[in-house]
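Residue numbers (our numbering), protein chains in the order written: chain A, 231 to 434; chain B, 231 to 434. Each residue gets a CB set at the ideal place from its N, CA and C atoms; glycine is no exception. Report on the structure given below.
Number of protein chains: 2
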Amino acid sequence: MDVLVPFDAREPKTRLEPELDVEERRAFAEAMLADVLAALAETAAAPTVLSTAPVDCGAPVVVDARPLSAAVNARLAEREDDPLAVVMADLALATPGALSSLFDTPGDVVLALGRGGGTNALVVRHPAFRVDYHGASIRDHRRVAAEANVRFAEVDSFRLATDVDDPADLVEVLLHGSGRASEWLREAGYRVITTGGRVRASRE
Amino acid sequence: MDVLVPFDAREPKTRLEPELDVEERRAFAEAMLADVLAALAETAAAPTVLSTAPVDCGAPVVVDARPLSAAVNARLAEREDDPLAVVMADLALATPGALSSLFDTPGDVVLALGRGGGTNALVVRHPAFRVDYHGASIRDHRRVAAEANVRFAEVDSFRLATDVDDPADLVEVLLHGSGRASEWLREAGYRVITTGGRVRASRE
Chain A
231 MDVLVPFDAR EPKTRLEPEL DVEERRAFAE AMLADVLAAL AETAAAPTVL STAPVDCGAP
291 VVVDARPLSA AVNARLAERE DDPLAVVMAD LALATPGALS SLFDTPGDVV LALGRGGGTN
351 ALVVRHPAFR VDYHGASIRD HRRVAAEANV RFAEVDSFRL ATDVDDPADL VEVLLHGSGR
411 ASEWLREAGY RVITTGGRVR ASRE
Chain B
231 MDVLVPFDAR EPKTRLEPEL DVEERRAFAE AMLADVLAAL AETAAAPTVL STAPVDCGAP
291 VVVDARPLSA AVNARLAERE DDPLAVVMAD LALATPGALS SLFDTPGDVV LALGRGGGTN
351 ALVVRHPAFR VDYHGASIRD HRRVAAEANV RFAEVDSFRL ATDVDDPADL VEVLLHGSGR
411 ASEWLREAGY RVITTGGRVR ASRE
């Protein structure tokens with residue numbers, strides 16, 4: 231299956247700004263992208279990185295500086311009945327098994343549930359479906375799918391539900407990641423600590 | 231399978247205090263418990279609520295006022311080779327399908343991945359395994375399972391990973407719940423709103 235991996239190469243992971251400076255955010259974002267591509271490489275997927283600027287990542291790259299939804303929808307419009315998956319580049323917990331479950335789930339539109347109403351990964355097998363990543367996108371995508379009367383399915387995966395946007399998300403990478411992103415965090419001095427019953431990543 | 235559902239009937243959901251007063255927290259916690267029991271009723275599970283105080287919930291209740299880990303371990307110690315599952319009462323997104331996947335996964339110890347390092351649901355089929363819910367419990371449970379040399383498996387479910395502890399979690403119930411807890415939130419005036427690219431539950 232063809233898989234688009236949207237990546238912001240210009241200002242990656244701005245919400246991590248309190249924790250990481252601009253160079254660190256870029257390095258960490260590229261480590262997460264590498265993890266997603268490594269997981270995809272163990273599936274039947276053929277990935278293309280859809281990047282806002284050139285990036286060296288070992289996979290084919292298409293540069294499109296438009297906002298995310300417009301850039302993805304341009305690719306959806308180019309194809310007719312071929313399926314296309316979209317998997318975000320910050321799914322640092324993604325495994326080949328979780329991704330294969332998504333790709334193997336039948337349906338015209340298959341959405342992976344995402345935290346905070348996001349749609350971190352989906353498969354489109356219907357020519358009319360378009361994405362809208364603004365706001366609680368999973369709700370909008372459910373509604374669009376219902377209105378278009380397409381066969382719709384949801385995939386229930388914590389690994390695909392967990393995108394890494396905020397400082398609070400870093401602990402998930404330390405606890406459940408096993409690739410370059412978790413290695414990057416450990417080398418940057420991050421450890422799992424518990425304070426007041428809550429668990430978080432803290433830098434030494 | 232026998233399933234313990236730990237429930238704090240004395241001071242439920244104290245972290246929701248900024249949002250909900252004590253009576254509301256109790257009512258919302260009981261709505262979540264009802265949703266978990268309703269989901270379990272559609273599986274092969276035989277649930278027992280393990281409560282810190284008496285609670286009227288339509289399922290058998292065992293009262294044990296000790297801290298969570300001690301109360302659960304007392305039940306684990308009572309049995310020999312019979313499997314026992316432990317499913318938290320605040321998994322308002324749990325579905326029969328997600329729970330059945332957990333129960334049907336083979337292994338001496340089967341853990342559902344939980345946000346923030348928690349262990350929201352597990353199955354124990356090994357007589358020596360004991361729980362420790364303090365801190366990043368999933369890491370401790372992985373270590374104990376490795377040291378005991380038991381057959382260990384993890385289940386990847388967003389619905390089982392999402393416990394409802396903090397105000398930020400309420401939006402997940404509105405977006406993905408379909409039972410009494412989401413109904414309770416709507417009747418209390420909660421709606422999904424988007425501000426600055428983030429989605430949250432806000433009270434009208």
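- Residue-level contact check: A418 of chain A does not touch chain B, since none of the beta carbons of chain B fall below 8 Å from its beta carbon.
- Listed along the chain, the chain A residues whose CB falls inside 7 Å of the CB of A366 of chain B are L405, V422, T424 and V429.
- Annotation: T392 of chain A to H406 of chain A spans about 10 Å, alpha carbon to alpha carbon.
- Inter-segment contact for the region 341-353 of chain A and the region 382-389 of chain A is present: three or more beta-carbon pairs are separated by less than 8 Å.
- Close to D238 of chain A, with beta-carbon spacing below 7 Å, lies no residue of chain B; the smallest spacing is near 13 Å.
- Counted as a single uninterrupted DSSP element, the beta strand (DSSP E) harbouring E384 of chain B occupies residues F382 to V385.
- Interface with chain A (8 Å Cβ-Cβ cutoff): D386 of chain B is included.
- Taking 8 Å as the cut-off, the beta carbon of T278 of chain A is found closer than this to the beta carbon of L234 of chain A.
- L329 of chain A is outside the set of residues whose beta carbon lies under 8 Å from a beta carbon in chain B.
- Runs of alpha helix (DSSP H) with 4 or more residues, each lying fully within the region 299-387 of chain A, are found at 326-334 and 367-377, listed in chain order.
- What G346 of chain B touches in chain A, judged by beta-carbon distance under 9 Å, is A398, V401, E402, L405, R428, V429 and R430, going in chain order.
- The beta carbon of W414 of chain B sits closer than 7 Å to the beta carbons of A257, F258 and A261 from its chain, once the five residues preceding and following it are set aside; these are given in chain order.
- In this structure the region 263-272 of chain B does not touch the region 307-314 of chain B; the number of beta carbon pairs closer than 8 Å is below three.
- Taking a beta-carbon distance threshold of 8 Å, A257 of chain B does not count as an interface residue toward chain A.
- H356 of chain B sits buried, since 16 or more C-beta atoms from the chains shown fall within 10 Å of its C-beta.
- D320 of chain A has its alpha-carbon roughly 18 Å from the corresponding atom of A418 of chain A.
- Around the beta carbon of S367 of chain A, 16 or more other beta carbons lie within 10 angstroms, which makes this residue buried.
- Among the CB atoms of chain B, none fall inside 8 Å of the CB of A315 of chain A.
- No Cβ-Cβ contact shorter than 8 Å links G348 of chain A with T424 of chain B.
- The alpha-carbon separation between A300 of chain A and R296 of chain B amounts to approximately 55 Å.
- The closest CA to that of R345 of chain A, considering only A:S330, A:D238 and A:D399, is found on A:D399.
- Contact between P284 of chain B and V293 of chain B holds: CB atoms are separated by about 6 Å, below the 8 Å threshold.
- Taking a Cβ-Cβ cut-off of 7 Å, the neighbours of L343 of chain B in chain A comprise F388 and H406, given in sequence order.
- Counting the other CB atoms within 10 Å of its CB gives G409 of chain B a total of 16 or more, which places it among the buried residues.
- In the DSSP assignment, R410 of chain A falls within the alpha helix (DSSP H) that extends over R410 to E417.
- Sixteen is the threshold: when 16 or more other Cβ atoms of the shown chains lie within 10 Å of the Cβ of A239 of chain A, as they do, the residue is buried.
- As DSSP reads the structure, R433 of chain A sits in a beta bridge with A:Y420.
- Within chain A, the residues whose beta carbon sits less than 8 Å from that of R369 of chain B are L405 and V422, listed in sequence order.
- L390 of chain B carries a helical assignment under DSSP once its states are collapsed to helix, strand and coil.
- Contact between V361 of chain A and V316 of chain A is confirmed by a C-beta separation of about 7 Å, below the 8 Å threshold.
- Fully enclosed alpha helix (DSSP H) runs of no fewer than 4 residues occupy 252-271 of the region 245-302 of chain B, in order along the chain.
- In the three-state reduction of the DSSP assignment, P397 of chain B falls in the helix class.
- Taking C-beta separations shorter than 8 Å and ignoring five residues to either side along the sequence, the partners of P290 of chain A in its chain run P277, T278 and V279, following chain order.
- Contact annotation: A328 of chain B and R389 of chain B have beta-carbon atoms nearer than 8 Å.
- Between V403 of chain B and A411 of chain B, the C-beta spacing is below 8 Å.
- Looking at the DSSP output, P242 of chain A bridges to nothing.
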